[in-house]
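Enquirer: Before anything else, here's the structure in question.
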Amino acid sequence: MKNKLLFFSLTLIALVVFSLVVTAQEPVKIGIVSPKSGNYADHGEMERIGMYLAVEDFGGKVLGRPIELIEVDSETNPDIASRRTKTLIEAQDVKFFLGAVSSSVGIAVGSVCHELGSIYICTNANSDTITGVDANKHTFRVPPNMAILVRGAAKYVAENLGKKWYFVTHDYSWGWSGTEWGRKMLDKVGAVEVGEVKIPMNTRDMSSYLLQLVNSGADVACVTVGGFDGIALYNQMGEFGIFDKMKVWWTLADYPDSYAIPPEQRGRYGMMEIYWKATPELIEFSKRIHDKYPGAIANVTETNSYHGWLGMKALLTAIEKAGTTDVDSVIKSLEGLIICDNKQPDPTYIRPWDHQFIDTMFFGHDIPGAEGDDITEVLFTAPCKDFARTMTENPIDLTK
Amino acid sequence: MDLLRTENLTKKFGELIAVNDVNISIQEEGILSIIGPNGAGKTTFFNLLTGYLKPTSGKVFLKGEDITNLAPYDIVHKKLSRSFQIASYFPEFTIFENIQMGVFNRLGYSYNYFANINKLKDVHKETEKYMKMLDLTEQKEMKAKFLSHGDKKILDIAMCLTVEPEILLLDEPTSGVSGTESTKVFNFIKNLSKKMKIVIVEHDMDIVFSISDRVVVLAQGSILADGTVEEVRKNEDVQKAYLGGFTEGGYEDAISGKSK
Amino acid sequence: MKTKNNILQDPYLYIFIIFLVYPFLPYIGKYRSVGTELLIWSIFALSFNLVLGYSGLPSFGHGAFFGVGTYAVALTLLHLTSKDVTISLILAAFFGGLFTFFYGFIIKKKRGIYFSLLTVAFSQILYVIGFRWDEVTGGETGITGLQRGGFLGIQINNPITYYYFVFVLFVITLLVIRKISNSPVGKVLLALKQDEKRAQYLGFNTERQVWFIFTISGIFAGLAGGLHGLLHLSAFSDTLHWTKSGDVVMATLLGGGLANFYGPIVGAIIFISAREILSSFWDNWLLLYGLAFVVIILFIPTGLLGIVERIREKKHFEQFNNNRNNIGSKNTQEIT
Amino acid sequence: MNTTLCLALLFNGIVLGLIWSVIAIGFSLVLGVGQTINFAHGLLFTFGAYFFFSISRNTSFWIAVIAAPILVAIMSLFLEVVLVRRVYGQDPLFGLLITFGFAIAMEEVIRMVWGKAAYSVSTPIFARGQLILGNFVYSRFRILLALFALTILLLVLWFMSKTSFGAIVKAGMFNSEMISALGHNLPLLRTLVFVMGGLLAGLAGVIGAPLWSIKSGMGTDVLMPGFIIALIGGLGSIKGTIIGGLLVGITTSLAVLVIPRFTDIIPYVMLIAVLFYKPKGLYGEVTILGEVRE
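Residue numbers (our numbering), protein chains in the order written: chain A, 1 to 400; chain B, 1001 to 1260; chain C, 2001 to 2336; chain D, 3001 to 3294.
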């Protein structure tokens, strides 16, 4: 009889201890919505690598609780991305989300999180509206938007590359925003527009557009074209000898796009969101990426991997600072957060009124014929805060 | 006034002239047979009459009205119906359902999206009438595709009747049908001709000569001979076309069909 | 009158109960938006089966009419002041029907390969317009941030009430489509699928029948699209892309739409939930998704319920085979 | 609009049309003889591009030009024997779906094997630079690719009209039962035509790779103009496909001046217009169960 009593009490104690440990151990769930299939899967992969490394920096824990990453495939399809985000919130009560390679997915996930009260840090979408007309209390955006990127480069381009600009616009909201900001800067920097060609989304053959550009007599082609269309355009520019006739300025230049072009056909100028050789920490970070993920499409720090890392780091820092996973208090601690150890020359500052991350950007030039990883030279670095939109230019109120 | 009339009806497939300038007028009474070697244009002629093919030139008149460019479903509503060389029916439907289709159309249910079929008493009664007429009632619930070849031919003809035609075009009703069943089809056509004008395309000379009031012979798409059974039997060109210049003696037996 | 036992046999009863109880089921019940999605896809697949299963028309661009419904809802909610969704859903069904009415007229004479490829072509036209006409359709970023007001005053904003709102529409759709498929027109469609020439010679204007049924299926496809738009409070051009039209075709075939009225529902449930589960477990899930197409077509072309039908038909054939022998013998004695 | 630009766009339309025709012919032959919609044709094109990219990087440009199409032809043999052969004669949707499913699955395999990034093929040295006549500038490499496409088209035209195999293939389109009745092995004929389609898709891939840069989704983008031109030209008619390709290529290229954003709609609108007036296509003699009656 006695040992039965003993046995019973021991199991009871074990149960109590176990439940205590479990609650203390209750994991912090973070949802990652980025493309795993479809055309942008490679950008998605780099983004996720950055996030894993950030979690690693935090030792896999925040507030003493393990971090549980739940990944869903956005398929670069806003419809599917919003449905899967909603499912994670409904079924697993996920409070924090990161990711998105295209603006449409960013906007869609942002609106779902706002509707159901979760925080969303958009790591790789540049259209102005995410921290503009589509902004909301729960959405933050890591990469600089087109206003910052274009205004940051306009003066240098006019002074050093040429005054007669020809706009090459990706014919959808993101592409227009790049050209609009370019047009606004024309008279400020003493440049003049000599024409524009709009390239529809998902175009393969660029010849009919390049023919309009090649004999336009422009000094500079101001190009806002991204993704695979961007790669196809850059590649076919070499074919039509655009680089011999004029300078080419890409308002937003991603490292993987230059890397995909055969060395002898490179030669564009462009504003880059990160330059992997800017600081020793970034060089070390690139080595870390290369060692842990040799198969990745780029073995240096580039836009997607860096912003994935920075977004995750900001979120975890804010949660530690807020001391709780309650959404409103984490938002409070995110707003105005300054991240010094961001591996960049200057710290990153999260503006409270539009939830835009502000740090530095790099204007570079692809060196024709350069082999290996070191394919771009940096002409100057620019602080984003001097070119970001002011409250008057972007009147939004996130408190509503 | 003739029931059905064609004016220099012609049909060309590229250079091939399938039906060549046919002028024929079909009156009320009796059974008309159209005979001729394979490829003489018999089936194409039927297709032209019933709107399945558009003629290259020429016109078709039904009771004086020009029906040349009408579609088959409009011509059928003008009481001209036809069966097919290869019996065509709805294989997955039961026999009852096959016959029921024609009744649906005639009683005006073709655009009725909501009626419950089992509750349509008028359709049910009408279909039973045709089923009895063809003594197919025992196999009522059997899928048409399991029927014997002869029964399929009869079903095909029965479906033509559901339209209550005044003219019935039968395309080789007994072809491929074994002895016992072809007599069944033969008798069936016989008593049908009392109620409506029948035009048959047929190869079996015994049937042609014993059943038809008038015979038209088609060769290379044009009419070779047109008249009573006797006139056609005697006709020189018919013998030549059918036998291709056989020796003298052979004409008689070939024509009379004994050698079959 | 339906006797007691064949009510129990009627699959409609089970489908009704499963969907009625779904939100309260343990574990899976929480996934309300997936549940609503299954209902919407069942409406879409049922209406699509009127074209594929009943009329034998291989349409491969039905996603276009679904997408048109989504955009109709999104645009009306965007531009209309009141957040009431009644008008937008009516417009979704209306425009679904309008597009199928016009395009149906163009392709009512086409069959087989031409029909498939022309429907793909049409859905691509709508896709390019939806994808690039930024001013109206929001282009690649689509239309987002809509609010779901009431339907004739009933509040349907929270997920549960919206689920049951879609459930009611699903039940109505199912009864209407079942009525059509058991009506004389249903029989005419099955007839023209088996032998269109024969049907024409019985007096049926088969082109017009194809035209009308194509339009009716478009109306329901538009409605389903509209409900999809209200579920996600957004509209994107992706559903219009021809590769997405394959989903409803596969769902209908998998379930056995060619052989059984309830096939599309079974197919929609299996196909959509498989896609959701598959994609959350494996990066390269598209590999299995593609192979599923191949396996279904190769091994179960008539779908799951198709297998049931085939067994039933074998019994039907044997039953008639033995009694036909005695009928046969009776007939022959009679004549000779 | 200055005339040089229109001239350049017209010339560009011809180049585009020729390249699209090479893709369309493969699709048209398979559709004509095998009566199956081969939606894996785009995928075979993609494999042609990827094989060309990998082989040209490791060996030489010229070995790749020959090896890539042959590899694709072998792959299409596998596809035909294992899958497509089982759906001949069935509902056309089955052929479409089975090849479509295969294409989705294999596209994922491409991403697994070659990774998800986009690649570009460097222009061979002999083809670099531009043809400059006054201010008419055009890429020399594109002209060479167009000539390469033209030779392929002329070869197929000669092959189909002059050789006995070509005659059997043409007859096969009119009446496949007749072919087997005359003692020709119809299944073998269909396999050979399918492999021929695969070879053409591989060749088109070799042309497309340097032109449009290589990504796993490039097949679906190219499939649409391919099947549209095949239908506009008329099934199995090589002459029709070439003329159809030029027509669509030129109209799409010039339309950039009128509706730059919606030029992609042009092929679809042309298809619906042509099929509405001439159901068999411009030069098509055969309709595959396309119409119930005239």
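Using N, Cα and C, we set each Cβ at its ideal position, and we do this for glycine too.
Closest to lysine 2226 of chain C by C-alpha separation, out of C:Ile2015, C:Leu2013, C:Ile2043, would be which residue?
Expert: Residue identity differs from the one stated: residue 2226 of chain C is glycine in this sequence, not lysine. Of the candidates C:Ile2015, C:Leu2013, C:Ile2043, the one whose C-alpha sits nearest the C-alpha of glycine 2226 of chain C is C:Ile2043.
Enquirer: At 3 residues or longer, and completely inside the region 306-363 of chain A: list those beta strand (DSSP E) runs for me, N to C.
Expert: 348-350
Enquirer: For lysine 86 of chain A, count neighbouring C-beta atoms within 10 Å of its own C-beta (all shown protein chains included) and say buried if the count is 16 or more, exposed if not.
Expert: buried
Enquirer: On the premise that phenylalanine 1090 of chain B lies in contact with alanine 1158 of chain B, defined as a C-beta separation below 8 angstroms, what is that separation, rounded to the nearest angstrom?
Expert: About 13 angstroms; that fails the 8 angstroms criterion.
Enquirer: Report the rounded CA-to-CA distance for lysine 1258 of chain B versus asparagine 1191 of chain B, giving the unit in angstroms.
Expert: At lysine 1258 of chain B, the pLDDT of 44 sits below 50, so the modelled position is not reliable; the number obtained from the coordinates is stated separately. Whole-angstrom Cα-Cα distance: 26 angstroms.
Enquirer: To which residues does DSSP link methionine 271 of chain A through a beta bridge?
Expert: A:Phe363
Enquirer: Measure the C-alpha to C-alpha separation of asparagine 2049 of chain C and histidine 2062 of chain C and round it to an integer number of angstroms.
Expert: 11 angstroms
Enquirer: When you compare only the Cα positions, how much space is there between tyrosine 293 of chain A and methionine 271 of chain A?
Expert: 26 angstroms
Enquirer: Can you have a look at cysteine 3006 of chain D and say buried or exposed, based on whether 16 or more other CB atoms are within 10 angstroms of its CB?
Expert: exposed
Enquirer: With 16 other CB atoms within 10 Å as the buried threshold, where does glycine 3034 of chain D fall?
Expert: buried
Enquirer: Below 7 angstroms on C-beta distance, what does glycine 175 of chain A contact in chain D?
Expert: Simply none; closest approach about 11 angstroms.
Enquirer: Closer than 8 angstroms by beta-carbon distance: list the chain D residues that pair up with glutamate 47 of chain A, in chain order.
Expert: Contacts between glutamate 47 of chain A and chain D, judged by CB atoms closer than 8 angstroms, are missing: the closest CB pair is about 12 angstroms apart.
Enquirer: Check the Cβ-Cβ distances between phenylalanine 2019 of chain C and every residue of chain A, and say whether any is below 7 angstroms.
Expert: no
Enquirer: Under 7 angstroms between the Cβ atoms of arginine 266 of chain A and proline 395 of chain A?
Expert: no
Enquirer: Taking the alpha carbon of arginine 65 of chain A as the point to measure from, which residue in A:Val28, A:Ser74, A:Phe58, A:Gly99 has its own alpha carbon closest?
Expert: A:Val28
Enquirer: Just by C-beta distance, which residues in the region 208-240 of chain A are closer than 8 angstroms to chain D?
Expert: Ser208, Tyr209, Leu211, Gln212, Val214, Asn215, Phe228, Ile231, Ala232, Asn235, Gln236, Gly238, Glu239, Phe240
Enquirer: Residues of chain D with a CB under 9 angstroms from the CB of arginine 204 of chain A: which are they?
Expert: Gly3208, Leu3211, Trp3212, Ser3213, Met3218, Asp3221, Val3222
Enquirer: In angstroms, rounded to a whole number, what distance separates the CA positions of glutamine 2333 of chain C and tyrosine 3277 of chain D?
Expert: Here the model assigns glutamine 2333 of chain C a pLDDT of 34, short of 50, so the residue's position is not dependable and the matter cannot be decided.
Enquirer: What first and last residue would you give for the alpha helix (DSSP H) that runs through arginine 48 of chain A?
Expert: 41-57
Enquirer: Nearest by alpha-carbon distance to methionine 1101 of chain B: which of B:Ser1083, B:Ile1086, B:Val1123 is it?
Expert: Nearest of B:Ser1083, B:Ile1086, B:Val1123 to methionine 1101 of chain B, Cα basis: B:Val1123.
Enquirer: Please report the straight-line C-alpha distance between threonine 251 of chain A and methionine 146 of chain A, rounded to a whole angstrom.
Expert: Rounded to the nearest angstrom, the gap between the Cα atoms of threonine 251 of chain A and methionine 146 of chain A is 8 angstroms.
Enquirer: Below 6 angstroms CB to CB, which residues in the same chain sit around leucine 2152 of chain C once its five sequence neighbours on both sides are set aside?
Expert: So the qualifying residues of the chain are Thr2086.
Enquirer: Classify alanine 92 of chain A as buried or exposed, calling it buried when 16 or more other Cβ atoms lie within 10 Å of its own Cβ.
Expert: The residue asked about is misnamed: residue 92 of chain A is glutamine in this sequence, not alanine. Glutamine 92 of chain A comes out exposed.
Enquirer: Taking just the CA atoms, how far does leucine 1004 of chain B sit from lysine 1119 of chain B?
Expert: 39 angstroms
Enquirer: Within its chain, find whatever has a CB closer than 6 angstroms to the CB of serine 2088 of chain C; leave out the 5 residues flanking it on each side and keep chain order.
Expert: Val2073, Thr2076, Leu2077
Enquirer: Can you name the residues of chain A whose CB is closer than 8 angstroms to the CB of threonine 3046 of chain D?
Expert: Under the 8 angstroms cutoff, chain A gives no residues; its nearest Cβ is about 12 angstroms from threonine 3046 of chain D.
Enquirer: For asparagine 126 of chain A, is the classification buried or exposed, using 16 other Cβ atoms within 10 angstroms of its Cβ as the cut-off for buried?
Expert: buried
Enquirer: Less than 7 angstroms separating the beta-carbons of serine 3253 of chain D and asparagine 3058 of chain D?
Expert: no
Enquirer: Taking all protein chains shown into account, decide if methionine 2069 of chain C is buried (16 or more other Cβ within 10 angstroms of its Cβ) or exposed.
Expert: Looking at the sequence itself, residue 2069 of chain C is glycine, so the reference to methionine does not match. Glycine 2069 of chain C should be labelled buried.
Enquirer: How long is the line joining the alpha carbons of isoleucine 3228 of chain D and alanine 3201 of chain D, rounded to whole angstroms?
Expert: 15 angstroms
Enquirer: Measure from the C-beta of valine 3193 of chain D to each C-beta in chain G and report whether the shortest distance is under 7 angstroms.
Expert: Absent here is chain G; the protein component of the structure consists of chains A, B, C and D.
Enquirer: May I ask you to report which of helix, strand or coil DSSP gives lysine 1011 of chain B?
Expert: strand
Enquirer: Taking 8 angstroms as the limit between beta carbons, can you name the residues of its chain near valine 3084 of chain D, skipping five residues before and five after?
Expert: Gly3034, Thr3036, Asn3038, Gly3095, Ile3098, Thr3099, Phe3194
Enquirer: What are the uninterrupted segments assigned as alpha helix (DSSP H) that are 4 or more residues long and contained completely in the region 2172-2198 of chain C, given in chain order?
Expert: 2184-2194
Enquirer: Flag this pair as yes or no: are the beta carbons of cysteine 222 of chain A and tryptophan 276 of chain A separated by less than 7 angstroms?
Expert: no
Enquirer: So is histidine 2079 of chain C buried or exposed if we call it buried at 16+ other beta carbons inside 10 Å?
Expert: exposed
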